[in-house]
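Residue numbers are given in numbering that gives the first Met the number 0: position 11 of the sequence shown equals residue 10, and the series is strictly consecutive.
Just so you know, even glycine gets a beta-carbon here, dropped at the ideal spot from N, CA and C.
As the structure is a prediction and not an experimental result, all values here were calculated from the model.
This report refers to the structure that appears directly beneath it.
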Amino acid sequence: MPAQTGPEQTTIAGAGGADSDVPRAVEYYSYNRVAKSGPARGEEFYYFKCWPCHNEFQKVAPQLKGLYQRGKLLSGQPVTDETVKDKIRNGGAIMPAFRYELSDADLADLVGYLRERCCWDTENPPPNPRYHANPTPGVPVSGRNLRGGPWGAVRSVSGENRQAIRKEAEGASESVPLEGIMVQLHGQNSNFTTTVYTNTEGKYEFPQLPSGPYSLRIARALEFQPYQKSVRVNGAAHLEDISLQRATDSEFVPPTRENEAQLSGAELVGNLSGTAQEKRMFSYGCGSGCHTYGQILRNRFDEKGWRAMVTHMTHNTGSLLLQKAVPNRIPPEEQDVVVKWLASVRGPDSKDMGYMPLAGPRGAATRVVVTAYEVPRLMTAPHDPSGDSQGNIWFNSHRTAYVNRLDPRTGIVKEYKIPSTPGANPGQHWITVDKQDLVWFSENWSHKLGQLDPKTGEVRHVKFPSYGRALNSPGLGNLALSADGYIWRARGNHIDKYDTKTGQAIKRYPLQKVESAYGNEISPDGNFCAGGAWPEDFVVFLDVRTGETWELQTRTPRAGPKRGGFDPENNAWFGGTGGLLIKFDRKTHQLQEFRPPTPNISFYEALPDKNGEIWAGEMYAGRFVRFNPRTEQWIEYVLPEPISHNRRTWIDNSTNPVTVWYVDHDGILVRIEPLE
Numbered sequence: 000m001p002a003q004t005g006p007e008q009t010t011i012a013g014a015g016g017a018d019s020d021v022p023r024a025v026e027y028y029s030y031n032r033v034a035k036s037g038p039a040r041g042e043e044f045y046y047f048k049c050w051p052c053h054n055e056f057q058k059v060a061p062q063l064k065g066l067y068q069r070g071k072l073l074s075g076q077p078v079t080d081e082t083v084k085d086k087i088r089n090g091g092a093i094m095p096a097f098r099y100e101l102s103d104a105d106l107a108d109l110v111g112y113l114r115e116r117c118c119w120d121t122e123n124p125p126p127n128p129r130y131h132a133n134p135t136p137g138v139p140v141s142g143r144n145l146r147g148g149p150w151g152a153v154r155s156v157s158g159e160n161r162q163a164i165r166k167e168a169e170g171a172s173e174s175v176p177l178e179g180i181m182v183q184l185h186g187q188n189s190n191f192t193t194t195v196y197t198n199t200e201g202k203y204e205f206p207q208l209p210s211g212p213y214s215l216r217i218a219r220a221l222e223f224q225p226y227q228k229s230v231r232v233n234g235a236a237h238l239e240d241i242s243l244q245r246a247t248d249s250e251f252v253p254p255t256r257e258n259e260a261q262l263s264g265a266e267l268v269g270n271l272s273g274t275a276q277e278k279r280m281f282s283y284g285c286g287s288g289c290h291t292y293g294q295i296l297r298n299r300f301d302e303k304g305w306r307a308m309v310t311h312m313t314h315n316t317g318s319l320l321l322q323k324a325v326p327n328r329i330p331p332e333e334q335d336v337v338v339k340w341l342a343s344v345r346g347p348d349s350k351d352m353g354y355m356p357l358a359g360p361r362g363a364a365t366r367v368v369v370t371a372y373e374v375p376r377l378m379t380a381p382h383d384p385s386g387d388s389q390g391n392i393w394f395n396s397h398r399t400a401y402v403n404r405l406d407p408r409t410g411i412v413k414e415y416k417i418p419s420t421p422g423a424n425p426g427q428h429w430i431t432v433d434k435q436d437l438v439w440f441s442e443n444w445s446h447k448l449g450q451l452d453p454k455t456g457e458v459r460h461v462k463f464p465s466y467g468r469a470l471n472s473p474g475l476g477n478l479a480l481s482a483d484g485y486i487w488r489a490r491g492n493h494i495d496k497y498d499t500k501t502g503q504a505i506k507r508y509p510l511q512k513v514e515s516a517y518g519n520e521i522s523p524d525g526n527f528c529a530g531g532a533w534p535e536d537f538v539v540f541l542d543v544r545t546g547e548t549w550e551l552q553t554r555t556p557r558a559g560p561k562r563g564g565f566d567p568e569n570n571a572w573f574g575g576t577g578g579l580l581i582k583f584d585r586k587t588h589q590l591q592e593f594r595p596p597t598p599n600i601s602f603y604e605a606l607p608d609k610n611g612e613i614w615a616g617e618m619y620a621g622r623f624v625r626f627n628p629r630t631e632q633w634i635e636y637v638l639p640e641p642i643s644h645n646r647r648t649w650i651d652n653s654t655n656p657v658t659v660w661y662v663d664h665d666g667i668l669v670r671i672e673p674l675e
């Protein structure tokens, strides 16, 4: 059956228009990505606050589609704007009260959406106002052109910090250079934003960019006043120096909603009151990678409301929350600690005292170019990227019917709408492109393997065993495609090798300790390794030639090895939800653990490059790490967005240095290009 490609996606009027200078994180935090007000904004409230419990596949709560045609609520009250608002304000037996979280204006937007256009459509999610169907042409890429563009410097305003005052007293310059400042250029009618970083002299230099009007701005200024200026770019032009003024004389950033939105989750948790144990229990129970910390901590509930939220989230699994978690994600006594901590730091009357951000990038961490590409639609939950032989990047959607192809040279995304399975939520989990440029993907909710031929648009589906899991329960997540065209995964207390034409296992290797695994990988020499193995802290390795298996548990409890890949020596590396990188040593058959410098983080995956360096997104920290196992040196690249919700990395090893791609689960495709 062919995929639908249709016309390119158009845009609608959103929070700040297609070329908004409002920080993306602020729009996200304020539910303003689609629109500033009205039913369109209400859809964003519905997606984040209502859909997980009220989607069409749930039975725990009534569907909200057609609510105003029913006449009465379950309570027997008539369906009116006021009765619906009261229900949302006051909650119910298993529903938190939103009266501390949603203002009257917020409720009006949400109720307007429920009345006029509910509900969010997995087949047709809303367009992204920042995406252009006909963007400004890009610069032709022949090799890498990471230098030779606009350049300038960033300095602090005289007298605005102790260092400047001291230098003035010594008769030095009236201002001082600022290292590690993230400088951005976003072209008018462009689908990507380029970020570079200032060096020790405060200087920055962009890659070659198309000529035209741009917005020059500072990303995540936080301790400085916001900066934005319209400029015209024409080749390697010198841009007027940027002078930044501190936002406060204090070492703490003011606790405004805008600043809170631009903090990473790790920074926010680090600044909240509470013990290390409370924060660790929160991280373990609520930080497995389903969402950002910000999605939790931007809310306000009383203790009863937080208990309802935490109970529902920890007692069920998968984005649709249909499958009961057995056992529950965290023990009852720890769940109680998490609930009470959340009620204390994000209760009705809780207030933050001010924020101290983590240290910015220095040295090697500033020698990088980061490009963020817009995607055509919002609320799709992009999951995995993979590159083809033509330089395109493919990425999928975890909650909607689209597989997408980005041309990095133009920023244009071509959508392929995948035929859905009746009764199943559309959406994919894993994606990879083979040597023939055929696109393979897993459909987690319908338990099918898909193959897309981009030349013809034809899609082929094969049903895989569900192992007792109902439709719409997570059943076909991450797979491994071997060089000889077979699919591998660990499930049902064994490792299986599957025929992609039939979906049937043709070879089976029994496991003694492990029931199943999350991240399944095949090494270049044809051996199997998996992380995320249940029980939770296991790594599994299979020598395919001998049939011998190793089932190893991590030294650190709750290390949570999840997804990974192989280095040039065929050692397996995994990112751990407990905030560790985990190595399976091929020669010793032992596990090693490595902890990064930044606290309160999690890894969803890790991927080695051709040189043996390990790349991984520090989930919740807004940083991407580059770890050298030979020297055990860490480089943390600070990202212009505070999220780094990275579920999978794809590395282009054809460039030198390598080029790293990841698709953020909250809706951008990111390219990281180190200069060395």
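Problem - Spatial distance of residue 218 from residue 299 (CA atoms) - result: In the sequence shown, counting from the first residue as 1, residue 218 sits at position 219. In the sequence shown, counting from the first residue as 1, residue 299 sits at position 300. The alpha-carbon atoms of residue 218 and residue 299 are separated by roughly 27 Å.
Exercise for the section: Assign residue 660 to buried or exposed, taking buried as 16 or more other Cβ atoms, counted over all protein chains shown, within 10 Å of its Cβ. Expected result: Counting from one through the sequence shown, the residue named residue 660 turns up at place 661. Result: buried.
Problem - Simplified DSSP assignment, three categories, for residue 373 - result: In the sequence shown, residue 373 corresponds to position 374, counting from 1. Secondary structure of residue 373 (DSSP, three-state): strand.
Practice task
With a 10 Å radius around its C-beta and 16 neighbouring C-beta atoms as the bar for buried, classify residue 495 as buried or exposed.
Solution key: If you number the sequence shown from 1, residue 495 lands on position 496. Buried.
Handout entry: Within 8 Å, strictly: CB atoms of residue 154 and residue 175
Key = Indexing the sequence shown from 1 puts residue 154 at position 155. Indexing the sequence shown from 1 puts residue 175 at position 176. With respect to the 8 Å criterion, residue 154 and residue 175 are classified as neighbours on the basis of their beta carbons.
Exercise for the section: Could you name the residues of the same chain whose beta carbon sits closer than 7 Å to that of residue 543, not counting the 5 residues immediately before and after it, in chain order? Expected result: Position 544 of the sequence shown, counted from the first residue, corresponds to residue 543. Only 525, 526, 527 meet the Cβ criterion.
Problem - Buried or exposed by the 16-neighbour rule on C-beta atoms within 10 Å, applied to residue 225 - result: Within the sequence shown, residue 225 is the residue found at index 226, counting from 1. Exposed, since its Cβ has fewer than 16 Cβ neighbours within 10 Å.
Handout entry: Residues near residue 340 by beta carbon distance below 7 Å, same chain, minus five either side
Key = Taking the first residue of the sequence shown as 1, we reach residue 340 at position 341. Counting only residues of its own chain and dropping the five nearest sequence neighbours on each side, residue 340 has a CB closer than 7 Å to the CB of 273, 277, 281.
Handout entry: Contact under 8 Å by Cβ, residue 467 with residue 417
Key = Your numbering for residue 467 matches position 468 in the sequence shown. Your numbering for residue 417 matches position 418 in the sequence shown. Here residue 467 is not near residue 417, since their CB atoms are 8 Å or more apart.
Practice task
Could you spell out the range, first to last residue, of the beta strand (DSSP E) harbouring residue 646?
Solution key: What you label residue 646 is simply residue 647 of the sequence shown in a count that begins at 1. Start and end: 645-651.
Exercise for the section: State yes or no: is the C-beta of residue 31 within less than 8 Å of the C-beta of residue 23? Expected result: As a first step, residue 31 is located in the sequence shown; it is residue number 32 there, counting from the start. As a first step, residue 23 is located in the sequence shown; it is residue number 24 there, counting from the start. Using a Cβ distance threshold of 8 Å, residue 31 and residue 23 do not count as a contacting pair.
Exercise for the section: Quick one: using the 10 Å Cβ neighbour count with 16 as the cut-off for buried, is residue 73 buried or exposed? Expected result: Position 74 of the sequence shown, counted from the first residue, corresponds to residue 73. Residue 73 counts as exposed, since fewer than 16 other C-beta atoms from the protein chains shown sit within 10 angstroms of its C-beta.
Handout entry: Coarse secondary structure for residue 15, derived from DSSP in three states
Key = Translated into the one-based positions of the sequence shown, residue 15 becomes position 16. Reliability fails at residue 15, whose pLDDT of 47 lies under 50, so the model's placement of it is uncertain and no value is given.
Practice task
Label residue 368 either buried or exposed according to how many other C-beta atoms from any shown protein chain fall within 10 Å of its C-beta, with 16 as the threshold for buried.
Solution key: Translated into positions along the sequence shown, residue 368 becomes position 369. So residue 368 counts as buried.
Exercise for the section: Return yes when the Cβ of residue 597 is within less than 8 Å of the Cβ of residue 557, no when it is not. Expected result: Here the question's residue 557 lines up with position 558 in the sequence shown. Here the question's residue 597 lines up with position 598 in the sequence shown. No, the pair does not count as a contact, with Cβ atoms beyond the cut-off.
Practice task
Take every Cβ of the stretch 372-392, pair it with every Cβ of the stretch 662-670, and state whether three or more of those distances are shorter than 8 Å.
Solution key: Output reads yes: the stretch 662-670 touches the stretch 372-392.
Practice task
Rounded to whole angstroms, what's the CA-CA distance from residue 348 to residue 358? Just pull it up for me.
Solution key: Locating residue 348 in the sequence shown gives position 349, counting from the first residue. Locating residue 358 in the sequence shown gives position 359, counting from the first residue. Their backbone Cα atoms lie some 30 Å apart in a straight line.
Handout entry: Bridge partner(s) assigned by DSSP for residue 547
Key = For the purposes of this step, residue 547 is taken as residue 548 along the sequence shown, with counting starting at 1. Residue 547 is bridged to 542.
Practice task
Answer yes or no: do residue 21 and residue 149 have a C-beta to C-beta separation smaller than 8 Å?
Solution key: For this step, residue 21 is matched to residue 22 along the sequence shown. For this step, residue 149 is matched to residue 150 along the sequence shown. No, they are not a contact pair.
Exercise for the section: Return the first residue and the last residue of the beta strand (DSSP E) that residue 341 is part of. Expected result: Along the sequence shown, one-based indexing puts residue 341 at 342. Where residue 341 is concerned, there is no enclosing beta strand (DSSP E), although the alpha helix (DSSP H) it sits in stretches over 331-344.
Handout entry: Close-in-space but distant-in-sequence residues of the same chain around residue 50 (CB under 7 Å, 5 per side omitted)
Key = For this step, residue 50 is matched to residue 51 along the sequence shown. Closer than 7 Å at the Cβ level, and outside the excluded window around residue 50, lie 119.
Practice task
Counting only runs of 3+ residues fully inside the stretch 194-266, write out the beta strand (DSSP E) ranges in chain order.
Solution key: If only uninterrupted beta strand (DSSP E) runs of at least 3 residues are considered, those enclosed by the stretch 194-266 are 202-206, 211-217, 227-232, 241-243.
Practice task
Note the first and the last residue of the continuous alpha helix (DSSP H) segment covering residue 312.
Solution key: For the purposes of this step, residue 312 is taken as the residue at position 313 of the sequence shown. Element bounds for residue 312: 302-313.
Exercise for the section: Could you say which of 44, 133, 93 lies nearest to residue 107 if we only look at CA atoms? Expected result: Position 108 of the sequence shown, counting from 1, holds the residue named residue 107. The shortest C-alpha separation from residue 107 is found at 44.
Problem - CA-to-CA distance, residue 512 to residue 582, given in whole angstroms - result: Here residue 582 refers to the residue found at position 583 when the sequence shown is read from its first residue. Here residue 512 refers to the residue found at position 513 when the sequence shown is read from its first residue. Going from the Cα of residue 582 to the Cα of residue 512 covers about 20 Å.
Practice task
Would you tell me roughly how many angstroms separate the C-alpha atoms of residue 440 and residue 397, rounded to the nearest one?
Solution key: Numbered from its first residue, the sequence shown carries residue 440 at position 441. Numbered from its first residue, the sequence shown carries residue 397 at position 398. Taking the straight line joining both Cα atoms gives about 11 Å.
Problem - Alpha carbon of residue 553 to alpha carbon of residue 613, nearest angstrom - result: By one-based count along the sequence shown, residue 553 stands at place 554. By one-based count along the sequence shown, residue 613 stands at place 614. Those two C-alpha atoms are separated by around 19 Å.
Problem - Reference residue 334, options 284, 637, 555, 408, closest by Cα - result: As a working note, residue 334 is residue 335 in the sequence shown. Ranking the options by Cα distance to residue 334, first place goes to 284.
Problem - Range of the contiguous alpha helix (DSSP H) that encloses residue 499 - result: The residue given as residue 499 occupies position 500 in the sequence shown. For residue 499, there is no enclosing alpha helix (DSSP H), as DSSP gives it neither H nor E.
Problem - Close beta carbons around residue 344, own chain, < 7 Å, minus the five adjacent residues each side - result: As a working mapping, residue 344 is identified with position 345 in the sequence shown. Only 271, 272, 273 meet the Cβ criterion.
Problem - Range covered by the alpha helix (DSSP H) that runs through residue 677 - result: Examination of residue 677 is not possible in this model, given that the chain is present from 0 through 675 alone.
Exercise for the section: Express the C-alpha separation of residue 90 and residue 618 in angstroms, rounding to a whole number. Expected result: Along the sequence shown, one-based indexing puts residue 618 at 619. Along the sequence shown, one-based indexing puts residue 90 at 91. Cα-Cα distance, rounded: 31 Å.
Exercise for the section: Helix, strand or coil for residue 487, going by three-state DSSP, please let me know. Expected result: To locate residue 487, count along the sequence shown from 1; it is residue 488. In the three-state reduction of the DSSP assignment, residue 487 falls in the strand class, which pools E and B.
Problem - Nearest neighbour of residue 269, chosen from 355, 70, 79, 370 [CA to CA] - result: The residue labelled residue 269 in the question sits at position 270 within the sequence shown. When each option's Cα is compared against that of residue 269, the closest is 355.
Exercise for the section: Report all residues from its chain with a CB closer than 7 Å to the CB of residue 84; omit the five preceding and five following residues, and keep chain order. Expected result: Working through the sequence shown from its first residue, we reach residue 84 at position 85. Once the five neighbours on either side are set aside, the close Cβ partners of residue 84 are 106, 110.
Exercise for the section: Tell me whether the beta-carbon of residue 444 lies closer than 8 Å to the beta-carbon of residue 469. Expected result: In the sequence shown, the residue the question calls residue 444 occupies position 445. In the sequence shown, the residue the question calls residue 469 occupies position 470. With respect to the 8 Å criterion, residue 444 and residue 469 are not classified as neighbours on the basis of their beta carbons.
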